[in-house]
Amino acid sequence: MIIELSDRQEYILNIVKENGPITGEHIADKLSLTRATLRPDLAILTMAGFLDARPRVGYFFTGKTGSQLLTEKVKKLTVQDYQSIPVVVNESHSVYDAVCTMFLEDVGTLFVVNNQAGLVGVLSRKDLLRASIGKQELEAMPVSIIMTRMPNIAVCKKDDLLIEVANKLIEKQIDALPVVKETENHQYEVIGRVTKTNMTKVLVDLSHDRMDG
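So the sequence shown is residues 902 to 1114, counted in my numbering.
Now the structure itself:
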């Protein structure tokens, strides 16, 4: 959500900074407006975190800067806010098929599943490039031979904090993590992916908040 404060909202902030805690009625009086006219502005400022309100006390300034509010927002973002659709291949598929899939889907990581749709491996661009450089017959080689196997795969879940997933991507020097949920037969079903591109989108969205807030 991009927070774009109007001139009136900026003025309300200044009034509360100088006079808080102050009731909505007193703010309205200072602006020569009705309480009903101000209600949407006060709701936006409160939801954005610039103001707080207490019953029978009124509104007061939280003292938080735009940067602090931005930091708090980052810490609350979860995987499901930014995850994208995963691209999967079956473990019996050939390396040639995987190369074609990666090219057609324009992704850097493929997630390998078994016949029960459970996660069994991960294929990176480097894995496929390494196999392609050799003299092996790619159509005859199953991806299971060259993939990184469970349990040596970092995963995340939709409720995980995005900042923690970003740390995993950096720490393990990988391009993507599968978003998984556990199935009844104790396997991981791949329901999404978080990539460096997703993280770039977070930065762009937050920069808009910073510039427009």
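For each residue, glycine too, the CB sits at the ideal point set by N, CA and C.
Using only the alpha-carbon positions, how far apart do residue i and residue j sit?
{"i": "E1006", "j": "L906", "result": "40 Å"}
{"i": "S993", "j": "L1020", "result": "13 Å"}
{"i": "G964", "j": "V989", "result": "47 Å"}
{"i": "I879", "j": "A944", "result": "Only positions 902 to 1114 of the chain appear in the structure, and residue 879 is not among them; the question remains open."}
{"i": "S985", "j": "R1094", "result": "5 Å"}
{"i": "T1101", "j": "D1076", "result": "12 Å"}
{"i": "G1035", "j": "K976", "result": "45 Å"}
{"i": "R1050", "j": "D1106", "result": "34 Å"}
{"i": "S995", "j": "L1029", "result": "11 Å"}
{"i": "I923", "j": "K931", "result": "11 Å"}
{"i": "T1010", "j": "Q1017", "result": "20 Å"}
{"i": "D942", "j": "L1104", "result": "27 Å"}
{"i": "M1003", "j": "K1027", "result": "12 Å"}
{"i": "L1063", "j": "M948", "result": "21 Å"}
{"i": "A1032", "j": "V1014", "result": "19 Å"}
{"i": "T1098", "j": "Y983", "result": "10 Å"}
{"i": "R957", "j": "T1084", "result": "50 Å"}
{"i": "P978", "j": "E1065", "result": "Rather than Pro, the amino acid found at residue 978 in this sequence is Leu. Rounded to whole angstroms, L978 to E1065 spans 10 Å at the Cα level."}
{"i": "K1069", "j": "P1043", "result": "28 Å"}
{"i": "G959", "j": "Q981", "result": "35 Å"}
{"i": "C1001", "j": "K974", "result": "39 Å"}
Looking only at its own chain, which residues have a Cβ that is under 8 Å from the Cβ of residue i, when we skip the five neighbours before and after it?
{"i": "L914", "result": "L906, L946, F951, L952, F962"}
{"i": "K1082", "result": "K1058, K1059, Y1089, E1090, I1092"}
{"i": "R936", "result": "G925, E926, A929"}
{"i": "E919", "result": "none"}
{"i": "I1071", "result": "none"}
{"i": "R955", "result": "P922, F961"}
{"i": "P1079", "result": "P987, F1012, L1020, V1023, I1054, V1056, C1057, Y1089, V1091, G1093, R1094"}
{"i": "I916", "result": "I923, I928, K931, L932"}
Which residues does DSSP pair with residue i in a beta bridge?
{"i": "R1031", "result": "Paired residue(s): none; R1031 is not in a bridge."}
{"i": "P1079", "result": "R1094"}
{"i": "I923", "result": "Y960"}
{"i": "Y1089", "result": "E1083"}
{"i": "A954", "result": "Y960"}
{"i": "N991", "result": "V1014"}
{"i": "T979", "result": "L1062"}
{"i": "S985", "result": "R1094"}
Spatial neighbours of residue i within its chain, please: CB distance less than 6 Å, with the 5 preceding and 5 following residues excluded, ordered by chain position.
{"i": "V1008", "result": "V988"}
{"i": "S1045", "result": "E992"}
{"i": "L1039", "result": "V996, Y997"}
{"i": "S1025", "result": "T1010"}
{"i": "I1047", "result": "D1028, A1032"}
{"i": "A1067", "result": "M1100"}
{"i": "Q1037", "result": "none"}
Here's the rule: buried if 16 or more other CB atoms are within 10 angstroms of the residue's CB, otherwise exposed. What is residue i?
{"i": "R909", "result": "exposed"}
{"i": "E911", "result": "exposed"}
{"i": "A999", "result": "buried"}
{"i": "T1096", "result": "buried"}
Given residue i, which residues of its chain have a CB within under 7 Å of its CB, disregarding the five upstream and five downstream residues?
{"i": "K1073", "result": "A1055"}
Can you give, in chain order, each stretch of the alpha helix (DSSP H) that sits fully within the segment 993-1070 and has at least 4 residues?
-> 996-1006, 1026-1034
Just list the alpha helix (DSSP H) runs in the segment 925-949, keeping only unbroken ones of 4 residues or longer that don't cross its boundaries, in chain order.
-> 925-932, 936-949
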